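Under the numbering used here, residue 75 is the last one in the sequence shown; the count climbs by one each step, no gaps.
First comes the structure, then the notes that go with it.
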Amino acid sequence: MDFNSHIFFLNSHVRVGSSVESNVYKTQLTGITRFWCFTHIFYLNCLLIATIIHLNDMQQPKLKKWLLGVKSIF
2 MDFNSHIFFL NSHVRVGSSV ESNVYKTQLT GITRFWCFTH IFYLNCLLIA TIIHLNDMQQ
62 PKLKKWLLGV KSIF
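In structure tokens:
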């Protein structure tokens with residue numbers, strides 16, 4: 002799929018979403034999107050925590066330095 006067909010694909014879906022008949026579909030899609038976002042953000046948070054715990058166990062100074070930098074952000 003090249004860039005132009007990607008844009009056409011997105012535009013056609015936006016047009017479908019703005020029609021009156023698809024309001025129920027749009028509501029269902031919004032719920033699915035919210036659920037998808039929540040689960041993936043939760044997964045990424047768990048992955049970050051697991052990475053921090055893993056790096057904390059390692060004794061390499063470069064990784065420890067990086068870990069302290071990550072902890073200071075949060």
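Ideal Cβ positions, reconstructed from N, Cα and C, are used throughout, including at glycine.
Quick caveat, the model's predicted, so the values are computed rather than measured.
Please work out which residues of its chain come closer than 7 Å, Cβ to Cβ, to residue i, disregarding the five sequence neighbours upstream and downstream, and give them in chain order.
| i | result |
| --- | --- |
| THR52 | none |
| CYS47 | none |
For residue i, which residues of its own chain have a beta-carbon under 6 Å away from its beta-carbon, when the five flanking residues on both sides are left out?
| i | result |
| --- | --- |
| TRP37 | none |
How big is the Cα-Cα spacing for residue i and residue j?
| i | j | result |
| --- | --- | --- |
| THR40 | LYS66 | 30 Å |
| GLY32 | ASN57 | 37 Å |
| ARG35 | GLY70 | 31 Å |
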